[in-house]
Every structure is written in structure tokens, then in C-alpha cells.
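J.: This is the structure, below, for whatever I ask next.
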Amino acid sequence: MAIWAYMRSTYFRVQSLIFILIILQHNPSAYNINSYNGEVFRDPVHVSGERGSYFGFSVALYVGVNESLLLAGAPRANSNALPFVTEPGTVFKCAMNGICKEWVIDKTGNGPHPYKRQINQIKDYAWIGATIAVQNSTEARVMVCGPRWINNVINDNKPNWYMNGICYTTLANSANVFERQAEEHLLLLSNSGNQITTKNNINIYNYGVGQAGFSLHMNSQYTVNVAIGSPGIYNWKGDAILAVAPMNGPFSRTIIPSLAREPRIHSYNYFGYAITAGTYFNEQDVWYASSAPQAANVYGKVLVFTFPPKTNQRMFIKTILYGQQYGEYFGAALTSCDVNNDHRQELIVGAPQWSRDMDEGHVYIFTARHNNNLEELQTLEGEIIGGKFGFTVMCLGDIDYDGYDDIAVGAPYEEESGGAVYIFNGNRDGVSRKYSQRLVGSRFSPTIRGFGISISEPRDVNHDNHSDIAVGAYLSGEVVLLRSAPVVTVNVTLTYLQKIKLLRNTTTFKIDLWMSYDGIYVPEYLQVTAVLKIDPLYGRAMYRAQKSNDGLQTYRLYYTLFKATITSHLLEVHLMENIQNVIDPLEISVSMQLEDDLHVRNESSLCTSCVVINKLRSKTEDLIKLPFSVDCGEDNICVSNLSVTLSTDSTLGNRYIIGSAPIITLRVDAYNRGEPAYQTRVRIFTEVLTLASIPPECTENPRVSNMLDVICDIGNPLRTNKTLTLQLDMSMVRYDVKKVEIQTNITTQSDETNWDDNSYIITVYFDVDIDIAIAGKAQENLYSYLREDEKKSLNNIRFQHFYEVQKFGASPIEEVILTVKIPTHLRRPDVKDVMIISINDTVGRMDGYQFYCSDSNQTEVLSITSNKIVSMDDVIVNSSSIASNNTHARFSIEENTQINVPSENRTLYINCTSNAIECVHITCRLGPFLSYLSVAKFLVTLDLQLSNFPADMLRHKDIIFYVTEGSVTITQPDNIAQREGHKPDTTLVATTFLGSPIAQGIAVWIIALSVILGIVLLILLVLGLIKIGFFTRKKKLELEALKAETDKKYNVVLETTSSTATLDHD
145 MAIWAYMRST YFRVQSLIFI LIILQHNPSA YNINSYNGEV FRDPVHVSGE RGSYFGFSVA
205 LYVGVNESLL LAGAPRANSN ALPFVTEPGT VFKCAMNGIC KEWVIDKTGN GPHPYKRQIN
265 QIKDYAWIGA TIAVQNSTEA RVMVCGPRWI NNVINDNKPN WYMNGICYTT LANSANVFER
325 QAEEHLLLLS NSGNQITTKN NINIYNYGVG QAGFSLHMNS QYTVNVAIGS PGIYNWKGDA
385 ILAVAPMNGP FSRTIIPSLA REPRIHSYNY FGYAITAGTY FNEQDVWYAS SAPQAANVYG
445 KVLVFTFPPK TNQRMFIKTI LYGQQYGEYF GAALTSCDVN NDHRQELIVG APQWSRDMDE
505 GHVYIFTARH NNNLEELQTL EGEIIGGKFG FTVMCLGDID YDGYDDIAVG APYEEESGGA
565 VYIFNGNRDG VSRKYSQRLV GSRFSPTIRG FGISISEPRD VNHDNHSDIA VGAYLSGEVV
625 LLRSAPVVTV NVTLTYLQKI KLLRNTTTFK IDLWMSYDGI YVPEYLQVTA VLKIDPLYGR
685 AMYRAQKSND GLQTYRLYYT LFKATITSHL LEVHLMENIQ NVIDPLEISV SMQLEDDLHV
745 RNESSLCTSC VVINKLRSKT EDLIKLPFSV DCGEDNICVS NLSVTLSTDS TLGNRYIIGS
805 APIITLRVDA YNRGEPAYQT RVRIFTEVLT LASIPPECTE NPRVSNMLDV ICDIGNPLRT
865 NKTLTLQLDM SMVRYDVKKV EIQTNITTQS DETNWDDNSY IITVYFDVDI DIAIAGKAQE
925 NLYSYLREDE KKSLNNIRFQ HFYEVQKFGA SPIEEVILTV KIPTHLRRPD VKDVMIISIN
985 DTVGRMDGYQ FYCSDSNQTE VLSITSNKIV SMDDVIVNSS SIASNNTHAR FSIEENTQIN
1045 VPSENRTLYI NCTSNAIECV HITCRLGPFL SYLSVAKFLV TLDLQLSNFP ADMLRHKDII
1105 FYVTEGSVTI TQPDNIAQRE GHKPDTTLVA TTFLGSPIAQ GIAVWIIALS VILGIVLLIL
1165 LVLGLIKIGF FTRKKKLELE ALKAETDKKY NVVLETTSST ATLDHD
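Taking this note's numbering, the leading residue of the sequence shown gets 145, the next gets one more, and so forth.
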């Protein structure tokens, strides 16, 4: 037996080594983008040593009925048709044979525009070809833009250059259209009256540096709608323009929203930097999304909106997404894609300058879940310093036909700026956390640079029903065309037909080999090889129909499979004579290989019939273990009596508080009261829950969606009893889950006497323990508003109020709304409201990060300064507090003290409960609060404007009692009540301002009455003392009598004086 134990140990070590080697040999290009046959297109007019044309800065694919073209933008190229214009930029059309020629879009040079003679154009450095959009149709609308095109307006014989940008469009019904010039010139911002505008009596650019065409997105259903990003409009606030055309007609309508009064977009935000559109909230409504990567103090924003009906009207902004790191350029790239097949597209946002060390890059995926608001679904993180992962993002559609859209992410500065593109496949949870392919540019060309700067929308250029993409490498002037391969799902299964177990005297038995494959747009038949291995460790059986290929009972069987057809083959296996080892089961395995597997052949030549296996959805291997019937009585047939129970380590009644522990332990107790049970397995399945870790004896079924399905081997044989423990992951349990049933059943290859107790069900109930609390305090409770050196009042006093929000209870809180009410103005009848408080600054931090707030006018509040103090001599500043804006001041929820309210006759009360006071409401979205350590702190610095107070209000008041109010409300999870006796959700913070006490006159009648009452009380006191004999000398007489009696009795003279005391004895 020691020998057999050693052999088993060696076998498992070998299997582990093979598994590790498989992982190490994982091919990062191993899915259905064919990286072996990429076609490289190069700049046809590049001259060595000259400045590069940026060929490939933008790419698009046009699919015609008879011919397909690759369009490559070269925004720094010179045009053969314009010899007197310097680098206007152009577009090259590349046929599938690899030949590229210039598409002369516009032959007119600098000077009067051909269609609008009043416009003088300057096309030098116009960057024509910077952006390209092509409609997904055989009769396709094509748009090419040059955002640096200049409109030269002559005023008073002086040139005024305005960088309006230009877009060219044409309707392509065949490849011949690209032999002609563009049909339309869209001069969206050329109106001379809108180039300059006035803001605060200062002239600023309106359309003057609009740069229309900086970004493009085209979508069409009943009309062709092109969203055009223009980040320079209105002093670089930026804007998005909508151009609309009928399916077969010219562009007839343009909408330019007005953002001049939009408080959520500010100057130099670059709104319109990137743009996309998608059905984010339902299947019908299309919403637009555009980025402002320099907004929110360079954290970046993405706005989701709809265009107004007409130009100069305000767009409707539904929601705003914010970046999470300073300077990450959140929104540098955008795309829309239904990665989880919920029939609503997710918004994909690139942030290429996100840094862990430096510019690794980040991609955010947002989805609509609660209340039609977008929330973060997951993030993808770049791994290479300086690679700028997320510089480009593109939805590829469902390239592998698994029901989920897939995305491509460009990282053009990885591989020492050679560049790379990552493919992430969609699934029900979003996209795969690990990329399925990493396409490195140097694989296609040794000189390639900047691969991944642009990725085209997917098109089927060779009409094989599989999408293809083009990837630009602008630094080297190259474009790579990549095609996708058909994806098949395969299945192979081994079954043992006979019901009895293997006996010592058995000579042969039969197994059935089942194989099939299926897929969309895949070959009708495939050549496959089934690699059969029969008991390779012990050699107790063989397949005599064929000689072993390696002497270890390995056989290669060749078959032809037909699409969507199950093929069955009956194989007869022969047992060896005199088998000694009957304890270990006989193992038979099979693996299926495709002759035309793209990644197995790895050919340099084009493989038109090659396919790719979807390994996540396929079963390419199977294994059966056939036990020998032993130790089971004279009949040599094992009859077991199994039962199973479940229990957890949660509280009594299997109740679990969400968030109280990351895992709970599930205990599985298996019992056998009969003969040995071979191949005993326990199956545990439940919804919602997942495993924190998988024990080595267990395997999880990945093909069952939305359910945990685990099968564990607990004995071969199971002779008596055994306990198995599993760790259930509770971190993903949501608040709408009230209870979960966990089911189990136990099976064996032995005969079972009683199946009634082979299943068991328990129910785990989920409770919520939520409590959010707020506390507040003033940095200083009391101020004097008189100068120390004179009795004159100060003009202003600066002070601070702190608020702290903390979670109590075990359950996490996703989002909390903090509202702070600040009294700012006095309402005066018939006159303008008087400002008595100005908000100088606000600072909010949570878990080391700054959060953003908005006031009651929907303006963003981060650092507000209003009514700046002219002279610091007129303001009180507490240097220990205000100078640092410290939001980590030492106070807590437990220190929320009661407010001492001064007397009413001397005090002017200022708070938000009075109708005479106007208040500003500051609202902050906080969260998530995952533990007790998650604390949000908010500091507001205020200036009391004493000089603004009306004189009549302080005439008889020398105390100003100022109160702000803070409150918190839980918004996510919604409809969840806080626990009984929860901590306060509202708090008040007060500051007292003390002036000179006001002298109060005393009436004469009060003084006279006080004197009379004093005399009366004195008379009554004297009469009382007389009555009790206080003024009589009776006590002195009694003392002298006592002295005489004592002298007579003891013959002692006792003198009592104030100076001596003498005692004489005879």
C-alpha cells in the first residue's frame, strides 16, 4: 500500500505541474481577433526625414456592396491638390489590396470659400482628417472634420482669425464616391456676429475658437444624427452640436445649445472633448454623453444630456459623472456598449492619465440600476507605467456571438510607445476582469509607434458575417486591419453504460463518447481529434482497436463533426489480467482538439476556415472514474445508506446582518449508515451567494448563470461520516434580498437504500442594521465684535462650523445626502435683501478624498469665495483654526453638546426657522460608508458682515446668536429604515457674538419702594430680637452666682478675665 500511496502522490504532483505550465503558456492573443494575419497599411506619401503626417490618427471602415475601404486620417499631411497650402490635413482611402490613395475632399485653397464667398478660409494646419465618422450602412453618410480650420473675418481692413473648424460630408453608395470631392461643407460656427461676446464687460471668444469637429459621434435610425464636439466655444467652456440630415438628403438642421448660463460647466472645462450616445436607461431613448476633462478642479466630468429643440436653448442635463483622481483626464475617450446584455447600453469612460505610479490609465464602466441614475459597475486598471490605458475606448459589438457586447481599450504608449490594444469580453456582470487578448503593435510591424491611438467602429469588410476593426498607429504612420474569426462552442462527454461496478473477473466494458459543436456563422463541419487516455497511472486497461501513441494508454481518434449534431461512438475497453489495485477507481479521460483551431495552427498564412473555441462556454475535456466493487458483502455490490444535513455559524435561526461579517461558514455533514459509498459527491446550490474560496475537493459549475452550483467529492468510498465546510462570500448581498435557500443533495455510484434523506434545505435570513449620525460644533463658540483698543464695532468676523457624519450599525450605506442650512440674508420689506453672512470657503473630505457639493441654486461648491474682505483690519481671524481649513478636527458624534441659548431681551437670533431669514442649502452626496472608519467631515468658513446689519436691529441688542443646521438622509439603499433608537440625523451649530452691554435705566419708584421695604424689614428684625431677650443681662447674673457657689464649696478663687487665669492651692 505504501507503493500505491507514493504513486498517487507522484501523479497529483505531475498534474499540478502540468496545470502550472498551462497557465504560464497562456497566450494573451488567444481569442477571436485574428492577430496572426493583421494587414498593415502605411502612409503612401511619407518621405523619410520629414515631419510625420499622423497617418492613422483617425480610422474608419466603409463597407460597400462590391468593395470595402479603410479610411485613414492624416491631419498633418500635405495635399497634392493644394500645393500652396501648408499641412491642411487629408484622408487616405485604402483598398483591401493594401494600396492607399488620397481622397481629395476639397480642392479649394486659402481665400474665399467656394460656397460662401463672404467667408475667407485659411486651411494651413487645419487638421482635416482629425476625426472621421462613417454610418453603418452600404449607403453610408461619411463625415470628416478639420477642427483647426480658420475663418478670416475682415473688420476695418484688419484680419481677424477665428478657429471655427469645418466638417465635410458625403453620401457614399459605392467606393467610387471617394474619387470625387465632398458634397457638403458644414461651417457650423462661421456666423461673424457670434465670434466675440461680452462677459462682465470683458470681450471673450464665443465661436471664435470653437474648433467644431474635435470629436464626432454618428447614429442613425430614421434620420442621421451627428453629435459634434466643440471644446473651445464660449471661452473654452465647450459645447456639443447636433447636425441632422434625412437618410438620403443633405444636412438640413443644426442645433447649438447655449451654455453661457449653464452653472455646471465653467470656462476652460473643454466640454465636447469626447462624445458618444447610447440607450442608457431603456431600449428606446437615446441620450448623449460628452466629457469636460478639466472640470471639477481637473477631476473631470461627463454629462449625460439631450439636445434642446432649437439653437441657443439650454440642453437638459440628466446626470453628471465625476472623475475620482486629480488630473486623470476623466472622459478623454467615451463609448457606449451593452456589455451585460440587459438591453441598455453601459457608458464606458477612459481616463488615460490616472496614476498609481504615473499615467497607467483607467477605464470606468457605468450602468443604470437604481432610479434611472448611472452608477459605477466596475473599473479596469492599466498595469504599465506611462502606457495611458484608456486613451481610446471602442464598443466592438458582440464579436464572439455569445450575447454580450465586447470592448477594445487602446494604450498607445505601452511597449516603449509601440502601443497595445486590449480586448475585454462582456458577461452578465459587466466585462471580464482579465482581458481576453492583448494585441501588441510590434507583432504587426517592427517600426510601429502609437498603436492604439485610434480604433475604428467594427465593420464586416469581407462579408463573412464577422466584425473587423482598424487600429491606427499615428507616430509611425501605420494602420493595422484586424479580422475576427468564427467562434464555436464544443462539448465532449464520456458515459459508462453498465450499471454494475467493475469486478475482478471483468474482462471488457463499454464507454460512450459523445461530441458536438455549434456556433453562429461557423463551418457546417469540422475535423476533430479525440485524445483518449485510459488509466494512465496504473495501466489496468487498454483500447485494443488502436495502438497507443505513447505507450501510456493514450489514443488519438479522428472524427468529422457536423454543426449542431451530436455524434456518439461506442468504445470497448479491455481490462488487464490479475489486477491487484482495486481500491483506486479506473480513470478514463478524453479531450477534443480541432484541426482548424486558429491558435493551435498558429499559421502565418491566411487561414480562411480557422475557428476559435469559446473555452468559457465549452467542455473540451471529460473524465470518468469507475470504481471497483469491493468490501460490500458476498454479493460484491455496495449498498449504502446516505443522508446529509446543512448548518451555518450565523446566529440562532440562521439570521445574518448584512455587513456584519465578510463570510459565513456553511457546514455540510454527510452520513453513511450502510456499506461503502463510492464516488460520493455532495452538490450545493443556491442563488445570490458565492464562495469566498473553493476547497480543493470541490468544483464550481461556471455554466450555470445567476446561481452557485458546487460539487464536492467527499469520499471514494465514504465508509462512515464526513464533515465539509464551505466559506460563503457575503460581500455582494444586496439589501433587496430578504432570504436565501441553500439546498444540497448527496449522490454516490453505489446503490442507495433510501433516497428520502439524501437532500436538505436551510433558509438564511438577512437583516439590516443601519444607522447614520451627524454631529457639529463651532471652532469658537463666542466672539466679541468690539475692537480691543477702542469701542468701535468691527466690520466683519470670520468663523467656522464643523460637521461630521459617521455610520453606526453593521450594514454598509451606499449613499447619504448631507444638507447644511446657512442663514445668509435678512429679508427687509420694500428693500433688497441684506447679506449678513458670506460663505468664504467650504472643505469636505471623506476617507482621505475630497467630495463635492452644490448649493440650493445647483451651482457646484468646492471652494467658494464671496464678498472678499478689503482690509484684514476689519475682520477677526482665529489663526489656530481658519488658517488650516482642518476637516480632521478632534471631535466626534459623542461630543455633540447642547446649545446654550442667551437671554431673549438682549439677543438677535439668526437661524433658518425665521421667515425673516433667507438661507443657502448646501447639499453633498457622501458615500459609500463601508465601516465605522468611514467618516465624512465638512467645514464651512463664514464671514459675519457686521457693517451690513441695519442699525435699528441692533439698537437694543448686544448679542447676536447665529445658528446653522446640518442633517443627513440615507438615499442608497432606499426604503430602508434605521434601527430603533438610532443616533440623531439633525444637529445645530451655534456661534455667539457679544458686543458692549447696553445700560438699562432704573425707575425712581423702584428705588423708593426698595428703601421703604428695607426699613420695614429692619424694624421687624429688631422687634424679634427684643422679644427673645437678646438685649437683657440675665445670663451675666447667673454666671456670677455660679462663681460664688464654686468658691465657697472648693475654697478656690476662680478669676476670669480677658488677660490672666490663675489657680492657687493652700
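Beta carbons are placed, not taken as given, at the ideal position from N, Cα and C, and that holds for glycine.
Could you round the C-beta distance between C1068 and G988 to whole angstroms and report it? I think they count as a contact, below 8 Å.
T.: 6 Å
J.: Does the beta-carbon of P729 have 16 or more other beta-carbons within 10 angstroms, so that it is buried, or is it exposed?
T.: buried
J.: Does the beta-carbon of A477 have 16 or more other beta-carbons within 10 angstroms, so that it is buried, or is it exposed?
T.: The residue in question, A477, is buried, as its Cβ has 16 or more Cβ neighbours within 10 Å.
J.: What did DSSP end up calling W498 once you bin it into helix, strand or coil?
T.: coil
J.: DSSP three-state label for N1096, please.
T.: Reading the sequence as shown, one finds Asp at residue 1096 and not Asn. It is helical.
J.: In whole angstroms, what is the alpha-carbon distance linking S791 and D873?
T.: 16 Å
J.: Please state the DSSP three-state secondary structure of A821.
T.: strand
J.: Find out if the Cβ-Cβ distance for the pair G531, G505 is shorter than 9 Å.
T.: yes
J.: Closer than 8 Å is the cut-off here; do at least three beta carbon pairs connect the region 532–542 with the region 468–483?
T.: The region 532–542 vs the region 468–483: in contact.
J.: So, is T1201 buried or exposed, given that buried needs 16 or more other C-beta atoms within 10 angstroms?
T.: Confidence at T1201 is low in this model, with a pLDDT of 39, below 50, so its placement is unreliable and no value can be given for it.
J.: Note the first and the last residue of the continuous alpha helix (DSSP H) segment covering I1156.
T.: V1148 to K1171
J.: Can you list, in chain order, the residues of its chain whose CB lies under 6 Å from that of L626, leaving out five sequence neighbours each side?
T.: I177, G182 and I613
J.: Is it buried or exposed for A821, if we count other Cβ within 10 angstroms and need 16 for buried?
T.: buried
J.: Once the 5 residues before and after S576 are set aside, which same chain residues still bring their CB inside 7 Å of it?
T.: F568 and N569
J.: Can you have a look at V1148 and say buried or exposed, based on whether 16 or more other CB atoms are within 10 angstroms of its CB?
T.: exposed
J.: What's the C-alpha gap between Y993 and L1132?
T.: 25 Å
J.: Within the continuous alpha helix (DSSP H) that includes E558, where are the two ends?
T.: E558 to S561
J.: Less than 9 Å separating the beta-carbons of Q355 and P291?
T.: yes
J.: Out of T423, A439, P496 and Y432, state which residue places its alpha-carbon closest to the alpha-carbon of H135.
T.: Because the chain in this structure spans residues 145 to 1210, residue 135 falls outside the shown range and cannot be described.
J.: Helix, strand or coil, according to DSSP, for A1185 in the structure here?
T.: helix
J.: Give, in chain order, every unbroken run of the beta strand (DSSP E) that is at least 3 residues long and sits entirely within the region 624–685.
T.: 631–640, 652–663 and 669–678
J.: Rounded to whole angstroms, what's the CA-CA distance from G596 to G585? Just pull it up for me.
T.: 8 Å
J.: Using the three-state DSSP reduction, which class does L1090 fall into: helix, strand or coil?
T.: helix
J.: Since Y312 is in the alpha helix (DSSP H), which residue starts that stretch and which ends it?
T.: Y312 -> not in any alpha helix (DSSP H); beta strand (DSSP E) instead, spanning I310 to A316.
J.: If we ignore side chains and look at the alpha-carbon of each, how far apart do A1211 and K645 end up?
T.: Because the chain spans 145 through 1210 in this model, residue 1211 falls outside it and cannot be assessed.
J.: DSSP three-state call for S396: helix, strand or coil?
T.: coil
J.: Just to confirm before moving on: does the CB-CB distance between G273 and F201 stay below 9 Å?
T.: yes
J.: Per DSSP, W305 forms a beta bridge with which residues?
T.: Looking at the DSSP assignment, W305 forms a beta bridge with N296.
J.: By a C-beta neighbour count over all protein chains shown, 10 Å radius and 16 as the cutoff for buried, is I243 buried or exposed?
T.: exposed
J.: Given L1161, which residues of its chain have a CB within under 6 Å of its CB, disregarding the five upstream and five downstream residues?
T.: none
J.: By the DSSP assignment, the beta strand (DSSP E) with A433 in it spans what residues?
T.: Per DSSP, the continuous beta strand (DSSP E) segment holding A433 begins and ends at W431 to A436.
J.: Compare the C-alpha of N1044 against each of S1078, N925, D985 and D1118 and name the closest.
T.: N925
J.: Just the C-alpha distance for V631 and L705, rounded to the nearest angstrom, thanks.
T.: In a straight line, the C-alpha of V631 is about 15 Å away from that of L705.
J.: Is it buried or exposed for G603, if we count other Cβ within 10 angstroms and need 16 for buried?
T.: A quick correction: the sequence has Arg, not Gly, at residue 603. Buried: at least 16 other Cβ atoms inside 10 Å.
J.: Please state whether DSSP places F201 in a helix, a strand or coil.
T.: coil
J.: In the region 450–491, which residue ranges form an unbroken beta strand (DSSP E) of at least 3 residues, counting only runs that do not cross its ends?
T.: 460–466 and 477–481
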